[in-house]
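Here the structure is laid out as structure tokens; the discussion comes afterwards.
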Amino acid sequence: MMEKATLQEYGFKDYTNLKKVYQIITKIIVALIIVALYLPIFIILIQSVNSSTDLAVFDTFTLKWYVEIFRHDTLTSVIVNTFIVSVCATTISTIAGTFIAIGINALPAKKRQRIIILNNIPLLNADIVTGIGIMLVFSVLLPIFPYIFGFPVLLIAHVFFTLPYVILSVLPKLKEVDPNIMDAAVDLGVKPYKALVKIVLPAVKAGIFSGMLLAFTMSVDDFVISYFTTGNGFDNLSIWIYGSIGRKSLTPAVYAFSTLLTLFTLSVLFISNFARKKGNKK
Amino acid sequence: MNKKDFRYLSTPYLIWLYALAVTPVIIMFVLMFLKTEGVTIDEETSLTLSNFSLLIEPSTVVAFYNSFKFGILTTITCIVLGYLVAYKIYRSHFGNKFLVLTVLILPMWSNMLLRTEALGNIMEPNNILADLLSRMGIDLYINIKGTDFAVLIGLVFNYLPFMILPIYTALEKIDPSLEEAALDLGLTEMNKFWKVVYPLSSKGIVTGSIMVFLPSLSGFAIPEILGKGNVFMLGNLIQQKFVQMEYFYGSILAIIILVLILGSLMILNKVDKEGETLL
Chain A
1335 MMEKATLQEY GFKDYTNLKK VYQIITKIIV ALIIVALYLP IFIILIQSVN
1385 SSTDLAVFDT FTLKWYVEIF RHDTLTSVIV NTFIVSVCAT TISTIAGTFI
1435 AIGINALPAK KRQRIIILNN IPLLNADIVT GIGIMLVFSV LLPIFPYIFG
1485 FPVLLIAHVF FTLPYVILSV LPKLKEVDPN IMDAAVDLGV KPYKALVKIV
1535 LPAVKAGIFS GMLLAFTMSV DDFVISYFTT GNGFDNLSIW IYGSIGRKSL
1585 TPAVYAFSTL LTLFTLSVLF ISNFARKKGN KK
Chain V
84 MNKKDFRYLS TPYLIWLYAL AVTPVIIMFV LMFLKTEGVT IDEETSLTLS
134 NFSLLIEPST VVAFYNSFKF GILTTITCIV LGYLVAYKIY RSHFGNKFLV
184 LTVLILPMWS NMLLRTEALG NIMEPNNILA DLLSRMGIDL YINIKGTDFA
234 VLIGLVFNYL PFMILPIYTA LEKIDPSLEE AALDLGLTEM NKFWKVVYPL
284 SSKGIVTGSI MVFLPSLSGF AIPEILGKGN VFMLGNLIQQ KFVQMEYFYG
334 SILAIIILVL ILGSLMILNK VDKEGETLL
């Protein structure tokens, strides 16, 4: 009598156990990666509540560095500078970027691709080259505008490298907008620019918002471009931190400020996530 | 829609890009052949090719070697780790993947220099983490600050999110029915991954690699802080030349980086015409 062939004889290999091992190993690696990404944040947190200025020893728990943020004579001013530059740059590039994206979207395919390649330059270019480039342009213009370095050039530089993020966020949303809606609006007698504001902008607002967020993130965190384009004593947080690290005089108040910022973004994130979930249920 | 109405909205931007992205290249190109201080041109300024002797100086050669070494190592490590993380998130059953991704990007929102400095602090033998752990009876001894390995760790964990995001975007765009079809047609899980999922996500790997390779090759803060001056890279050299007002040397190096970037733009233009995976 013939015996029934088993699945194994047909070439079936049982990988169930191997798969389980693979699943566990990859999970551990991913967990380790996330821990590694957060390790510096965690160290900053510990440092911010350490009463000793010695970075190697944890003395006692304190919140004095959180008060120090507002007392330190230069830290307060560099924080204010950072926010002024980033808020101004983000506002300008969000508004300008949205209209530029509408313009790019209206171009014929060939021209559109050409401008997108140019648009990618600030995005992909090494920060150091972007920073030096802008610095060189305004160095040449220096005889005409002697006091331009500092806030004006810094703002121009920040608008320059944040604009591409806004444009790239808005463009894909614009492609999804049904062109017939615009036609309908214009046919019904709405002027093209009014239709743009009333119909196209609301349709792409998700893209505008994510572009704005990206632009702000990049602007606040920028160091290299700011380092080369500022001057006349106008420092932002990154430049000041770089200088302090070099002089080995970094005050723990910076760690406190960074921790506050992280906690703030975390809570905004969770609140918005919670609010959205509630909104979805309705 | 009569789209033509809005076309000229993009014209000012084209002028802006030419002024701030193309003009600097012309200035750098001219500076390469001048012997002068800063950008001043006076009677002492002369046209010369001697600036290019910089390229054969030992420190330049070392900087190039280090930059490429760290650039390539960082990119490869980021591809492996980044793909794993992106793939896990893509396959996971979390309801809100946006939140998971944000958790990964969140560390980027605190200052890059501060994170690097904090990382540097715990790479030294006496550090706050070891101090806290020793009170709990755990002995930890690390002494890697100033080594190549420290710089590599710093670069990888600073730029990893730039690799995860484009790969995830590319994975997300894969039609799930393609995978079902592959399995129905008799591919094993492993083959399905290599023949269907991986090729379709390679666009994300290319974008991610460019976004990791270029900054890790040209940055100067991370090697300076974590390498304690032992690791000298192209970015450090460029910074040094500009601080010393030797703009002509700095321009030569910047132009070389620019050529690398143009190469990457050409690659990117082949795989991703509309810049879809860039964000």
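Chains as they are written, first to last, in our numbering: chain A, 1335 to 1616; chain V, 84 to 362. The C-beta atom is built at its ideal place from N, Cα and C for all residues, glycine as well.
{"Asked": "Quick one: list the residues of chain V neighbouring Gln1381/A, beta-carbon separation under 9 angstroms, in chain order.", "Found": "Ala201, Asn204, Ile211"}
{"Asked": "By a C-beta neighbour count over all protein chains shown, 10 Å radius and 16 as the cutoff for buried, is Glu307/V buried or exposed?", "Found": "buried"}
{"Asked": "Can you list, in chain order, the stretches of the alpha helix (DSSP H) that have 4 or more residues and sit fully within the segment 282-355 of chain V?", "Found": "304-309, 317-326, 330-354"}
{"Asked": "Let me check one thing: in DSSP terms, what residues is Tyr1384/A bridge-paired to?", "Found": "Rather than Tyr, the amino acid found at residue 1384/A in this sequence is Asn. In DSSP, Asn1384/A forms a bridge with Phe1395/A."}
{"Asked": "Tell me, please, whether the segment 1361-1381 of chain A touches the segment 166-178 of chain V by the rule of three or more beta-carbon pairs shorter than 8 angstroms.", "Found": "yes"}
{"Asked": "For Ser284/V and chain A, any beta-carbon pair shorter than 8 angstroms?", "Found": "no"}
{"Asked": "Where does Lys1445/A fall in DSSP's three states?", "Found": "helix"}
{"Asked": "For Leu1594/A, list the residues DSSP reports as bridge partners.", "Found": "Leu1594/A is not bridged to any residue."}
{"Asked": "Per DSSP, what are the beta-bridge partners of Ile118/V in this structure?", "Found": "Reading off the sequence, residue 118/V comes out as Lys, not Ile. BP columns for Lys118/V point to Ser129/V."}
{"Asked": "Checking 8 angstroms against the spacing of the C-beta atoms, do Ala304/V and Gln1381/A come in under that value?", "Found": "no"}
{"Asked": "For Pro1586/A, which three-state DSSP category applies?", "Found": "helix"}
{"Asked": "Can you tell me whether Pro1477/A is helix, strand or coil according to DSSP?", "Found": "coil"}
{"Asked": "Can you tell me whether DSSP reads Met206/V as helix, strand or coil?", "Found": "coil"}
{"Asked": "If the cut is a Cβ gap below 7 angstroms, which residues of chain A does Trp277/V touch?", "Found": "Ordered by position in chain A, no residue passes the 7 angstroms Cβ test against Trp277/V, which lies about 15 angstroms from the chain."}
{"Asked": "Can you tell me whether Asp1512/A is buried or exposed? The criterion is at least 16 other CB atoms within 10 Å of its CB, across all chains shown.", "Found": "exposed"}
{"Asked": "Quick one: what does DSSP say Met84/V is sitting in, helix, strand or coil?", "Found": "Residue confidence for Met84/V is low, a pLDDT of 45 falling below 50, so the modelled location carries little weight; the figure read from the coordinates is stated next. Coil, per DSSP."}
{"Asked": "Where do the ends of the alpha helix (DSSP H) carrying Pro190/V lie?", "Found": "Element bounds for Pro190/V: n/a, residue is neither H nor E."}
{"Asked": "Return yes when the Cβ of Ile162/V is within less than 8 angstroms of the Cβ of Ser292/V, no when it is not.", "Found": "yes"}
{"Asked": "Does the segment 1409-1427 of chain A touch the segment 1550-1563 of chain A, meaning 3 or more C-beta pairs lie closer than 8 angstroms?", "Found": "yes"}
{"Asked": "Quick check on Asp258/V: does DSSP put it in helix, strand or coil?", "Found": "coil"}
{"Asked": "Less than 7 angstroms separating the Cβ of Tyr170/V from some heavy atom of the ligand SAM?", "Found": "For the ligand SAM, the structure offers nothing, since it holds no ligand at all."}
{"Asked": "How about Ile247/V and Ser284/V: are their beta carbons less than 8 angstroms apart?", "Found": "no"}
{"Asked": "Under 6 angstroms Cβ to Cβ from Tyr1344/A, same chain only, skipping five residues before and after it: list those, please.", "Found": "none"}
{"Asked": "By how many angstroms is the C-alpha of Ser1606/A removed from the C-alpha of Lys1616/A?", "Found": "Since pLDDT at Lys1616/A reaches only 46, below the 50 mark, its modelled position is unreliable, and the value read off the structure follows with that caveat. So the two alpha carbons sit approximately 16 angstroms from each other."}
{"Asked": "In chain A, what lies closer than 9 angstroms to Val168/V by C-beta?", "Found": "Ile1363, Val1364, Ile1367, Ile1368"}
{"Asked": "In chain A, what lies closer than 8 angstroms to Pro190/V by C-beta?", "Found": "Leu1371, Tyr1372, Pro1374, Ile1375"}
{"Asked": "Determine, using beta carbons only, whether Asn274/V comes closer than 8 angstroms to chain A.", "Found": "no"}
{"Asked": "What in chain V is Cβ-close to Phe1494/A, meaning under 7 angstroms?", "Found": "Leu103"}
{"Asked": "Let me know the secondary structure DSSP gives Leu1341/A once reduced to three states.", "Found": "coil"}
{"Asked": "Can you find at least 3 beta carbon pairs, one from the segment 1556-1572 of chain A and one from the segment 192-199 of chain V, that sit closer than 8 angstroms?", "Found": "yes"}
{"Asked": "With 8 angstroms as the C-beta to C-beta threshold (strictly closer), list the residues of the segment 1572-1591 of chain A near chain V in chain order.", "Found": "Ser1572, Ile1575, Tyr1576, Ile1579, Leu1584, Val1588, Tyr1589"}
{"Asked": "Smallest Cα separation from Lys311/V: which of Phe89/V, Met206/V, Gly287/V, Ser260/V?", "Found": "Met206/V"}
{"Asked": "Less than 8 angstroms between C-beta atoms, sequence neighbours within five positions excluded: which residues of the same chain meet that for Gly302/V?", "Found": "Leu238, Met316, Gly318"}
{"Asked": "Kindly list, in the order they appear in chain V, the residues whose Cβ is closer than 7 angstroms to that of Phe1617/A.", "Found": "With chain A covering only 1335 through 1616, there is no way to say anything about residue 1617/A."}
{"Asked": "Quick check on DSSP: helix, strand or coil for Gly220/V?", "Found": "coil"}
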